[in-house]
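Number of protein chains: 2
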Amino acid sequence: MPLPHTEAPGYLVSNLASRGVRMTRQRRAILGIIETASHHLDAAQILRKAQKQEPEVDRVTIYRTLSLLKRHGLIDELDLMHLQGEKHFYERKTPREHVHMTCLRCGRVTEFESRLFDGLKKQVQKECRFQIAVARMEIGGYCSSCRA
Amino acid sequence: MPLPHTEAPGYLVSNLASRGVRMTRQRRAILGIIETASHHLDAAQILRKAQKQEPEVDRVTIYRTLSLLKRHGLIDELDLMHLQGEKHFYERKTPREHVHMTCLRCGRVTEFESRLFDGLKKQVQKECRFQIAVARMEIGGYCSSCRA
DNA sequence: AGTCACGATGCAACCAGTTGCAACAATGCG
DNA sequence: CGCATTGTTGCAACTGGTTGCATCGTGACT
Ligand SMILES: [Mn+2]
Ligand SMILES: [Mn+2]
Ligand SMILES: [Zn+2]
Ligand SMILES: [Zn+2]
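Line by line, the protein sequences are chains A and B.
Numbering of the first sequence is given in our numbering, commencing with residue 1 and proceeding in unit increments.
Numbering of the second sequence is given in our numbering, commencing with residue 1001 and proceeding in unit increments.
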């Protein structure tokens, strides 16, 4: 699950600041973590990392920052098949949208880009007259090394 | 969000029974509710309905029955964009797989069947050598009556 | 730099979902 | 039809996420 570092550093901070969102120490820390993350992180992981920088951050602030980012369409939220409890995972939104596959045996998460995914979105926009803000496709099953 | 009643009544009970799963009063009630539901239900709604039939059912039993059904691939779990909290919604799995669109303004949920969805699944199976057990596509945005 | 308004934070109380465990009951067998 | 086995249930304790509220601090304007 490699997330390429395509964006300029601090782009989440600048993006939000340019929309008039206030920047606090806590937010800067959280945004930095999400921006430079190399895998899909859950809220607890983000909290732990944030507290290394800003020991006073509360988990409430993590959740509130995550919904801020969701509201602004800057991150995607994933279930990854809720393989370990109900928690959700987060990744910054990139121009390359992709499908997530989670192996129900080994837990490995793989990403896959497809024309058909974009095509399906276009079809929904057109045929259902539905204006898409977020689209998420998640698959559970067995990866090539795990299936019998 | 109309769910057609295609299956024979009691098919969840028979299906599970034939796999050697024990049938209890509580389960019978819960399965009946899911089977005859006309919309996507969340755990709390299922609990309330079940308690009308079997006042003693505990919410734990609802959650355990839901994971049983998920394990056996008999229901699908949906986020519906987590529009109201973190809760999940459930629907019985039908032969007609569909995409779910949730309007972020009015909350309306619509379903859409598409060849491209099946095509995308086939592509994943083939190109990624990934054996699919569950596939879920969820879209958030603005329905035709809500967009400006 | 000093003031201010209002958005953001932390805390505590709350609610939804999970897990451990002892009591219970569905099913199969004598 | 009663008995034993073993899976299922309800309860209580717990964990993860949310909400209300008083306090705090950012960023705008002087
Ligand atoms: Mn979810
Ligand atoms: Mn549906
Ligand atoms: Zn695997
Ligand atoms: Zn709408």
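Every residue gets a Cβ at the ideal spot worked out from N, C-alpha and C, and that includes glycine.
Keep in mind it's a predicted model, so treat the numbers as computed, not measured.
- The continuous alpha helix (DSSP H) containing Phe117 (chain A) extends over residues Arg115 to Glu127.
- Look at Cys1106 (chain B): its beta carbon is less than 7 Å from one of the heavy atoms in ligand 4.
- The C-beta of Val1060 (chain B) comes no closer than 8 Å to any C-beta of chain A.
- The beta-carbon separation of Gly141 (chain A) and Gln1131 (chain B), rounded to 5 Å, stays under the 8 Å limit for a contact.
- Per DSSP, reduced to three states, the secondary structure at His82 (chain A) is helical.
- Counting every other CB atom within 10 Å of its CB across the protein chains shown gives Thr24 (chain A) a total below 16, marking it as exposed.
- For chain B, the residues of the segment 106 to 132 of chain A that bring a beta carbon within less than 8 Å of one of its beta carbons are Thr110, Phe112, Ser114, Leu116, Phe117, Gly119, Leu120, Lys121, Gln123, Val124, Glu127, Cys128, Arg129, Phe130, Gln131 and Ile132, in chain order.
- The segment 1058 to 1067 of chain B and the segment 1015 to 1032 of chain B touch, with no fewer than 3 CB-CB distances between them shorter than 8 Å.
- Taking 9 Å as the upper bound on Cβ-Cβ separation, chain B lies near residues Glu77, Asp79, Met81, His82, Glu86 and His88 of the segment 77 to 95 of chain A.
- Contact check for Leu1080 (chain B) against Thr1102 (chain B) passes: the beta carbons are separated by less than 8 Å.
- Within a 10 Å sphere around the beta-carbon of Ala50 (chain A) sit 16 or more other beta-carbons, which makes this residue buried.
- Ligand 4 has no heavy atom closer than 7 Å to the beta-carbon of Tyr1011 (chain B).
- Residues of chain A whose Cβ lies closer than 9 Å to the Cβ of Arg1028 (chain B) do not exist, since the nearest Cβ in that chain is about 26 Å away.
- Counting only runs that start and end inside the segment 35 to 89 of chain A, the beta strand (DSSP E) elements of at least 3 residues fall at 75 to 78.
- For Ile1046 (chain B), there are no C-beta contacts with chain A under 8 Å, since the nearest C-beta of that chain is about 16 Å from it.
- Nearest to His1098 (chain B) by alpha-carbon distance, out of B:Leu1104, B:Gly1107, B:Arg1115 and B:Arg1059, is B:Arg1115.
- Taking C-beta separations shorter than 7 Å and ignoring five residues to either side along the sequence, the partners of Phe1117 (chain B) in its chain run Glu1097, Val1099 and Met1137, following chain order.
- Non-local beta-carbon contacts of Phe112 (chain A) in its own chain, meaning distances under 7 Å to residues more than five positions away in sequence, involve His98, Val99 and Met101 in chain order.
- Under the 10 Å beta carbon count, Asp58 (chain A) is surrounded by fewer than 16 other beta carbons and is classified as exposed.
- Bridge pairing for Tyr142 (chain A): B:Gln1131 [DSSP].
- From the listed residues A:Gly10, A:Arg129, A:Ala17 and A:Pro9, the smallest Cα separation to His72 (chain A) is found for A:Ala17.
- With fewer than 16 other Cβ atoms from the protein chains shown falling within 10 Å of its own Cβ, His1039 (chain B) counts as exposed.
- Rounded to whole angstroms, the separation of the alpha carbons of Glu54 (chain A) and Arg27 (chain A) is 10 Å.
- For Val1099 (chain B), the uninterrupted beta strand (DSSP E) segment begins and ends at Val1099 to Cys1103.
- Relative to ligand 1, the beta carbon of His1039 (chain B) is positioned no closer than 7 Å to any heavy atom.
- Put simply, the backbone Cα of Ser1014 (chain B) is about 48 Å away from that of Thr61 (chain A).
- Taking all protein chains shown into account, Val1021 (chain B) has fewer than 16 neighbouring C-beta atoms within 10 Å of its C-beta and is therefore exposed.
- Taking a beta-carbon distance threshold of 8 Å, Gly1010 (chain B) does not count as an interface residue toward chain A.
- For the set A:Ile139, A:Ala37, A:Arg19 and A:Ala133, the Cα lying nearest the Cα of Gly107 (chain A) is the one of A:Ile139.
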